[in-house]
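This report concerns only the one structure given below.
In the numbering used here, the protein residues as written are 32 to 487.
Next up, the structure:
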């Protein structure tokens, strides 16, 4: 463990030193896991809030209104993903590792985040003008575009809050935002104000949370004049684009089997596979949230105490992999009951698909943690290769298995592709951990000149 860090000019951490809150949070593995777990809990609560309102909306909105709301949410999610440059995550990681001052990283990343957010908000209405999907009229699409804009800015400030060790505050803010959305959206829905009002509540929530997050972090991101900035927006984009490309590849892998089945199979097969796939997605989301929650702490330890980072990651992986094996083994005999109980008796025939999906639980759990652990050790470029190889595997399996195997072929493709991704991620992570060092960063801090020399 490093000695207590000294303050730089202006009271913040000096260049090359981690934020004090994060250093205190990482004093022990138990404390770091406890602080990180609040992020996992808040993400889980936010997901529950979304599901809760979807159920309420399905009951209170007309079928056409619910279709419009669901479609506009899909558009918002798509444009949010496409506008993610990976820069917020890189800036947060480098702040946690102490490679530059949080203010240097924040204000270097802000122009990139702002430009990408504005671009997405401008392109979305243009897309809506030519789109014929439900709810694609001018006003709802414009409100959705405003939501995308505020969401990107809030996501950036929230990610930076975690990078400076403000885990609890960020988690409380996310949870409070979810409560505000449930309450506000429920009120306008019951009042019969329609889909546009619901989307306006969602956009207002993002704006309010973003402002609060900025006010909270403002003291941590001061840029003292005595310190020469070591980070540029170009260097952040150069690294962040790797995360963006890898993330898109992973998103395609998760959805490609369903897309191919939709074109090669029957609607009945699509429905059964889609229902079974939800269980795999749920485990993956839980695991990826765990990895995301651990990222600042692991990034700090990767530079301050690499052996400890290695031990902690191995412990987390063993626990999650063990738990996933136990859950899969327990759920296998109850596959028919699970499908019938949750989705209805007509989905009972999808039990065999669920069993295939359950075989992949260890892969989904391992991939979620390894993905962000590789990021913590500056392996973004390797994630691109992993994503592209995984995408190639998914395409090959889809071509050979789904046309002849139908929904079972889709289930094997989904499971097999993620096993390939998990295996590659684990190999890359172990190689990074064995080296016990981090790679080049946006600020150039973290490696000696000799270590930055490429090796075969």
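For each residue, glycine too, the CB sits at the ideal point set by N, CA and C.
With a cutoff of 8 Å on beta-carbon distance, residue 444 and residue 338 are scored as not near each other. The continuous stretches of alpha helix (DSSP H) do not include residue 58, and DSSP gives it neither H nor E.
Boundaries cannot be given for residue 222, as no alpha helix (DSSP H) includes it and DSSP labels it neither H nor E. Within the same chain, Cβ atoms closer than 6 Å to the Cβ of residue 381 are found at 303, 306, 307, 370, the five residues on either side in sequence being excluded. Around the beta carbon of residue 241, 16 or more other beta carbons lie within 10 angstroms, which makes this residue buried.
Look at residue 456 here: in three-state DSSP terms it is helix.
Counting only runs of at least 4 residues, the region 128 to 171 fully encloses the following alpha helix (DSSP H) elements, listed from N- to C-terminal order: 133 to 161. The closest CA to that of residue 333, considering only 180, 203, 129, is found on 129. In this model, residue 116 and residue 292 are separated by some 30 Å (Cα to Cα). Per DSSP, the continuous alpha helix (DSSP H) segment holding residue 95 begins and ends at 94 to 113.
The distance from the Cβ of residue 118 to that of residue 148 is about 11 Å, inconsistent with a contact at the 8 Å cut-off.
Comparing alpha-carbon positions, the option among 110, 204, 321 lying closest to residue 64 turns out to be 321. Around the Cβ of residue 79, a 10 Å sphere holds fewer than 16 other Cβ atoms; the residue is exposed.
Here DSSP, grouped into helix, strand and coil, assigns residue 253 to coil.
Around residue 188, the same chain offers 241, 244, 245, 248 as residues with beta carbons nearer than 7 Å, after the five sequence neighbours per side are excluded. DSSP places residue 116 in the coil class of the three-state scheme, outside both helix and strand. With fewer than 16 neighbouring CB atoms inside 10 Å of its own CB, residue 299 falls in the exposed class.
A residue is called buried when at least 16 other Cβ atoms come within 10 angstroms of its Cβ; residue 408 meets this threshold and is buried.
In the three-state reduction of the DSSP assignment, residue 409 falls in the coil class.
Three or more Cβ pairs closer than 8 Å define a contact, and the region 426 to 439 falls short of that threshold against the region 337 to 357.
Here residue 262 carries a coil assignment [DSSP, helix/strand/coil]. The Cβ atoms of residue 220 and residue 136 lie no closer than 8 Å to each other. The C-alpha of residue 154 lies about 31 Å from the C-alpha of residue 75. The straight-line gap separating the alpha-carbon atoms of residue 397 and residue 224 is approximately 44 Å. Per DSSP, residue 334 is one residue of the alpha helix (DSSP H) stretching across 298 to 335. Note that the C-beta distance between residue 327 and residue 418 is not below 8 Å. Residue 197 carries a coil assignment under DSSP once its states are collapsed to helix, strand and coil. Across the set 319, 230, 152, the C-alpha of 152 shows the shortest separation from the C-alpha of residue 176. By alpha-carbon distance to residue 252, the top candidate from 412, 126, 81 is 126. Minimum Cα-Cα distance from residue 215 among the listed residues 237, 456, 198 corresponds to 237. Here the alpha carbon of residue 185 sits roughly 44 Å from the alpha carbon of residue 436. When the Cα atoms are used, residue 358 and residue 442 turn out to be separated by approximately 18 Å.
Per DSSP, residue 376 lies in no alpha helix (DSSP H) segment and is marked neither H nor E.
Between the beta-carbon of residue 284 and that of residue 404 there is about 19 Å, and that puts the pair past the 8 Å contact cut.
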